[in-house]
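Report on the following structure.
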Amino acid sequence: MAGLPRRIIKETQRLQADPVPGISAIPDEANARHFKVEVAGPVKSPYEGGTFHLELFLPEEYPMSAPKVRFMTRIYHPNIDKLGRICLDILKDKWSPALQIRTVLLSIQALLSAPNPDDPLDTNVAEAWKKDEESAIEEARQFTRQHAMGNKPQQ
Amino acid sequence: MSQTDMKRQLSDPASDATDSEDMEEDDEYANYYYDNTDDLDIDKPKKTDDPEYFEYTILQTEDAERLLNEEVERLCSELKMSPSLAKMLLHVGQWQGEDIIERYQQDQRKLLTESNVSCPKEMKEDSLVGSSPGCPVCAECYPRDKFMGLTCGHLFCPHCWDMHFRFQIEQGITMGIECMGQKCKILVPEDFLYSVLKDSKLRDRFSKLCFMDLIKGHPKLRFCPGPNCSVIIHAKEPRAKKVECSVCKSTFCFRCGIEYHAPTDCDVIKKWLTKCADDSETANYISAHTKDCPSCHVCIEKSAGCNHMQCSKCKFDFCWMCLGDWKSHGSEYYECSRYKENPNIANESVLVQAREALKKYLFYFERWENHAKSLQLEEQTLQKITSRINVKVMENEGTWIDWQYLQNAAALLKKCRYTLQYTYPYAYYMDKGGRKQLFEYQQAQLEAEVENLSWKVERAEITHRGDLENQMDIAEKRRQTLLKDFLEV
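Chains as they are written, first to last, in the UniProt record's numbering: chain A, 1 to 155; chain B, 1 to 489.
Here's what the structure looks like:
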């Protein structure tokens, strides 16, 4: 695609040649700044066995500003809300131009392994998580079975 | 004491003074008179006596720039560093120059690291590989010597630095621009920024925003909050005191920038104003249209004119005005609308407690509102007085100077009522106890005298001048006493 910065081309090539385990990111055919992402639920987390679809968009200012990432698959997680928005510091004020798509996706994978109910986005989920972690985790498993197994990417 | 007396005493201060206390007093008098070259100032209270006294100056942009530059230069020469670094240190250290110098001399590296100005040596990392490496941000390859970076060792190409600065400045960030390195908090000093950023428009924008950032971060400087006013207030001490802008005439509290609020402090007035904004609409409706049944405490909305109410739940007949049993009401009402605090509140139901809390809030809110309205009305009185004086002067009934006291009285009335208004939020948030009793006593005293003064100002024509001036003095004394005891300085 014409006018695509070298940085984005290089990142895209590397993502495909040397993918992160458990994560795939494929650029849209019509728009090379738009990626379809699949993240496998991390082992030993309530999301294990699920496949989560995300969309990732590189804004005009990228890499000076952070990529925009959103969960398309419903997920029960204190830092991810019903609309799939993610509360993650490096997507906001802690963004650095030296970070990459790869590092962002790794951080999101890590967030699934280690939810942080003290810095919540969905307060209901966060409260449930803090009150009774066991049943919250069971709820998250139930969500994973219901929404993240055998699902196809949404358009 | 006449002027000649004063001079005699001064020429031989030891002659009358028998002990050192007298001496001090004499000196004070001497300073009091001789410091004030302006005769009009003699009647004003001494600086140290006035609880509202506050020293400040009004600066234009250039003056403020000069003041900041002086502070930067002082640090530069003291610590032998670049102005850009000194500015950074001062901004991060909230312009506590002496403190910065001391900490710098104690442990230079610690201060610079803690202020995120430079990076300790062992953390330095060279992120580049090869003789013509790729920039970690744009992935373009350049010769090694093209790369730039700060003490942290994160190197990037000039083009990316430029893009980074552009983006940050567009977001309004200036003094807080950080290195592009991952998790790197090292701040970009302005000389580095200027060495990269060539766009003159953007450089201008940076310098303007940067100035605003510096002023906002300076504890002794504050932009005048008046609309379209660009002056800067320079206070000797950053305190919650009254400032009047000489340019746009707005008055405000130096510390928080909203309307002056003595004796209430900045945090409490913010709480009160938020409460008023949040609660007033609902509270007003509830208080205007509903009451609890005095027998079963169910909430009743009044939908028609008759004050003889019958509770639909418990069938109790009562008076809407005083909530007393209707049986005791003949054709006449009693004094039916007085606020009484319920002494047994702790044992009452949640509903009653909520109602009681609302009642208490409304009690203070209504008085607060009422004084605000009175202030507006008295503003009109002042205008009327001014025009009446005009007429009198035109008809040769005395001169401007003769009638000046009327205007002074109106101005003082405004000042006293303003303070009185702001005593209500203070009282609302006060804990029960002796101090509150004292406060409420003084508040009542002030209120009584303010109303007396208001009465006399409105009837200035038939009030004797001496009587009015006496009343002014009493009201102002009450105000001063209250502030002296309760205004935290």
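C-beta: ideal position from N, C-alpha, C; glycine also.
Would the beta-carbon of residue i fall within 8 Å of that of residue j?
{"i": "A:Val37", "j": "A:Leu56", "result": "yes"}
{"i": "B:Glu55", "j": "B:Ala262", "result": "no"}
{"i": "B:Phe165", "j": "B:Leu193", "result": "yes"}
{"i": "B:Leu75", "j": "B:Ile100", "result": "yes"}
{"i": "A:Arg125", "j": "A:Pro78", "result": "A small fix is needed here, since residue 125 of chain A is Val in this sequence, not Arg. Yes, they are a contact pair."}
{"i": "B:Gln445", "j": "B:Arg478", "result": "yes"}
{"i": "B:Leu197", "j": "B:Arg205", "result": "no"}
{"i": "B:Thr57", "j": "B:His234", "result": "yes"}
{"i": "B:Gln182", "j": "A:Ser135", "result": "no"}
{"i": "A:Ala148", "j": "A:Gly84", "result": "no"}
{"i": "B:Val268", "j": "B:Pro83", "result": "no"}
{"i": "A:Glu61", "j": "B:Phe223", "result": "no"}
{"i": "residue 156 of chain A", "j": "A:Val69", "result": "Because chain A is modelled from 1 through 155, residue 156 of chain A falls outside the range shown and cannot be assessed."}
{"i": "B:Glu190", "j": "B:Lys270", "result": "no"}
{"i": "A:Gly22", "j": "A:Gln109", "result": "yes"}
{"i": "A:Pro42", "j": "A:Thr144", "result": "no"}
{"i": "B:His154", "j": "B:Met180", "result": "yes"}
{"i": "B:Ser295", "j": "B:Cys314", "result": "yes"}
{"i": "B:Asp265", "j": "B:Glu488", "result": "yes"}
With distance defined between alpha-carbon atoms, name the residue in the options nearest to residue i.
{"i": "B:Cys152", "options": "B:Thr113, B:Glu458, B:Pro263", "result": "B:Thr113"}
{"i": "A:Lys130", "options": "A:Leu58, A:Arg141, A:Phe52, A:Pro115", "result": "A:Pro115"}
{"i": "B:Leu382", "options": "B:Leu362, B:Gln404, B:Tyr428", "result": "B:Gln404"}
{"i": "A:Glu29", "options": "A:Arg145, A:Val20, A:Thr12", "result": "A:Thr12"}
{"i": "B:Ser454", "options": "B:Gly434, B:Phe147, B:Glu476", "result": "B:Glu476"}
{"i": "B:Leu323", "options": "B:Tyr428, B:Asp292, B:Asp213, B:Lys313", "result": "B:Asp292"}
{"i": "B:Val117", "options": "B:Leu150, B:Pro143, B:Arg103, B:Val450", "result": "B:Leu150"}
{"i": "B:Leu438", "options": "B:Asp63, B:Leu273, B:Thr481", "result": "B:Thr481"}
{"i": "B:Lys236", "options": "B:Phe486, B:Asn228, B:His218", "result": "B:His218"}
{"i": "B:Tyr92", "options": "B:Lys249, B:Ser115, B:Leu406", "result": "It is Val, not Tyr, that sits at residue 92 of chain B in the sequence shown. Out of B:Lys249, B:Ser115, B:Leu406, B:Ser115 has the C-alpha closest to the C-alpha of B:Val92."}
{"i": "A:Asp89", "options": "A:Val104, A:Lys82, A:Tyr76", "result": "A:Val104"}
{"i": "A:Pro63", "options": "A:Arg6, A:Glu133, A:Gln146, A:Gln142", "result": "A:Arg6"}
{"i": "A:Ile75", "options": "A:Leu4, A:Glu139, A:Ile9", "result": "A:Glu139"}
{"i": "B:Val231", "options": "B:Lys110, B:Lys415, B:Asn452, B:Glu65", "result": "B:Glu65"}
{"i": "B:Gln407", "options": "B:Cys184, B:Val457, B:Trp272, B:Ile258", "result": "B:Val457"}
Could you give the DSSP three-state label for residue i: helix, strand or coil?
{"i": "B:Pro120", "result": "coil"}
{"i": "A:Val39", "result": "strand"}
{"i": "B:Leu150", "result": "coil"}
{"i": "A:Pro27", "result": "strand"}
{"i": "B:Cys248", "result": "coil"}
{"i": "B:Asp41", "result": "With a pLDDT of 47 at B:Asp41, under the threshold of 50, the modelled position of this residue cannot be trusted; read the value that follows with caution. Reduced to three states, the DSSP call for B:Asp41 is helix."}
{"i": "A:Ala140", "result": "helix"}
{"i": "B:Tyr334", "result": "The pLDDT assigned to B:Tyr334 is 39, lower than 50, so where the model puts this residue is not dependable; a value taken from the coordinates is nonetheless given after this. B:Tyr334 falls in the coil class under three-state DSSP."}
{"i": "B:Cys276", "result": "helix"}
{"i": "B:Leu487", "result": "coil"}
{"i": "B:Gly134", "result": "strand"}
{"i": "B:Ala235", "result": "strand"}
{"i": "B:Leu323", "result": "coil"}
{"i": "B:Gln310", "result": "strand"}
{"i": "A:His147", "result": "helix"}
{"i": "B:Glu369", "result": "helix"}
{"i": "B:Tyr361", "result": "helix"}
{"i": "B:Val188", "result": "coil"}
{"i": "B:Ile173", "result": "coil"}
{"i": "B:Thr57", "result": "strand"}
{"i": "B:Lys241", "result": "coil"}
{"i": "B:Glu461", "result": "helix"}
{"i": "B:Asp22", "result": "Note that B:Asp22 scores a pLDDT of 47, beneath 50, so its modelled location is shaky; the value from the coordinates is reported in the next line. B:Asp22: helix per DSSP, three-state reduction."}
Mind checking which residues open and close the beta strand (DSSP E) that includes residue i?
{"i": "A:Glu55", "result": "51 to 57"}
{"i": "B:Phe318", "result": "317 to 319"}
{"i": "B:Leu221", "result": "221 to 223"}
What residue range does the alpha helix (DSSP H) around residue i cover?
{"i": "B:Ile100", "result": "97 to 106"}
{"i": "B:Tyr418", "result": "400 to 421"}
{"i": "B:Cys76", "result": "61 to 79"}
{"i": "B:Cys299", "result": "Note, B:Cys299: premise wrong, no alpha helix (DSSP H); beta strand (DSSP E) at 299 to 301."}
{"i": "B:Thr290", "result": "Premise fails: B:Thr290 lies in the beta strand (DSSP E), 290 to 292, not in any alpha helix (DSSP H)."}
{"i": "B:Lys198", "result": "Where B:Lys198 is concerned, there is no enclosing alpha helix (DSSP H), given that its DSSP letter is neither H nor E."}
{"i": "A:Lys131", "result": "123 to 131"}
{"i": "A:Val69", "result": "No alpha helix (DSSP H) contains A:Val69, which is instead part of the beta strand (DSSP E) from 68 to 71."}
{"i": "B:Phe439", "result": "434 to 458"}
Residue i versus chain E: which residues are under 7 Å apart at the beta carbon?
{"i": "B:Pro136", "result": "Checking the listed chains, one finds no chain E in this structure; the protein chains it contains are A and B."}
What I want to know is whether the C-beta of residue i ends up closer than 7 Å to one or more non-hydrogen atoms of the ligand NAP.
{"i": "B:Met309", "result": "The ligand content of the structure shown is nil, which means the ligand NAP is not present either."}
Open item on the list: Below 8 Å, how does it come out for the stretch 383 to 397 of chain B and the stretch 419 to 435 of chain B: are there three or more Cβ pairs, yes or no?
Closed with: no
- [ ] Decide if the stretch 241 to 248 of chain B is in contact with the stretch 457 to 473 of chain B; the criterion is three or more beta carbon pairs, one per stretch, under 8 Å apart.
- [x] no
Task: Inter-stretch contact (C-beta, 8 Å, three-pair minimum) for the stretch 396 to 414 of chain B and the stretch 350 to 361 of chain B - done: no
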